[in-house]
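Beneath this line is the structure, given in structure tokens, with notes to follow.
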Amino acid sequence: MTVTVTVIGGELQLKKVSTESVFAPIKLTGTAQVSRPEGLEVVVNDDTGSKAAWRLEATATPLVTNQGRTLAGNLYYQDGAKLTMLGKDAVEIARQKTAPGIDYDVTAHWSSQQGLVLKTTPAAVPGSYQGTITWHLSTVPEE
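All residue numbers for the sequence shown refer to this note's numbering, where the first residue is 48 and numbers rise by one.
Here is the structure:
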């Protein structure tokens, strides 16, 4: 008798990512301003059963108007007093080890001193700016 068993590995996935998010409007006053995203949601689900940690990173494009004007400012990831600019190089946003099948809402775990922020410089000019944040999810090798 021959028995065939197929074992299928679970997935590490971004279960939910907001397709669009806006930052709170900024009133230009001639000084640097800070804004936080509204409606941003990023949820990770690790159903691999590997018990390994996962890492979420992000990259971002410059914020520009439809006319091609670049915003005088940048997107940052804030972790306490540390600000790391989001650009073409990946920035670690979260690293967790979660139980299989449990959703981890990354943005729900952010505090007032953690998460994405937009900082403009005094040179910012009025306009509607758009950019893209790309999320990268990977398994962290066990040490």
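Think of the CB as a built atom: it goes at the ideal place given N, C-alpha and C, for glycine as much as any other residue. Note that this is a predicted model, so its numbers are computed, not measured.
- When the five nearest sequence neighbours on each side are left out, the beta carbons in the same chain lying within less than 7 angstroms of the beta carbon of V187 are those of A99, A100, W101, R102 and R142, in order along the chain.
- With the rule of 3 Cβ pairs closer than 8 angstroms, the segment 70–77 counts as touching the segment 162–173.
- Per the Cβ contact rule, the segment 152–162 is in contact with the segment 80–100 (3 or more Cβ pairs under 8 angstroms).
- When only Cα atoms are considered, G57 and G148 end up about 9 angstroms apart.
- Annotation: G120 to K166 spans about 5 angstroms, alpha carbon to alpha carbon.
- Exclusion of the five residues before and after T131 leaves Y123, Y124 and V138 as the residues of its chain whose Cβ lies within less than 7 angstroms of its Cβ.
- In the same chain as T106, and ignoring 5 residues on each side of it, the C-beta atoms closer than 8 angstroms to its own belong to L133, G134, K135, D136, A137, V138, I180, T181 and H183, in chain order.
- The three-state secondary structure of T154, taken from DSSP, is helix.
- V89 and V153 do touch by the CB rule: their CB atoms are close to 4 angstroms apart, below 8 angstroms.
- The Cβ neighbour count for N92, taken over all protein chains shown within 10 Å, is at least 16; the residue is labelled buried.
- P109 and T51 have their C-alpha atoms spaced approximately 52 angstroms apart.
- With contacts defined as CB atoms closer than 8 angstroms, T95 and L59 qualify as a contacting pair.
- Residue nearest to R116 within the set M48, G178 and T49 is G178 (criterion: CA-CA distance).
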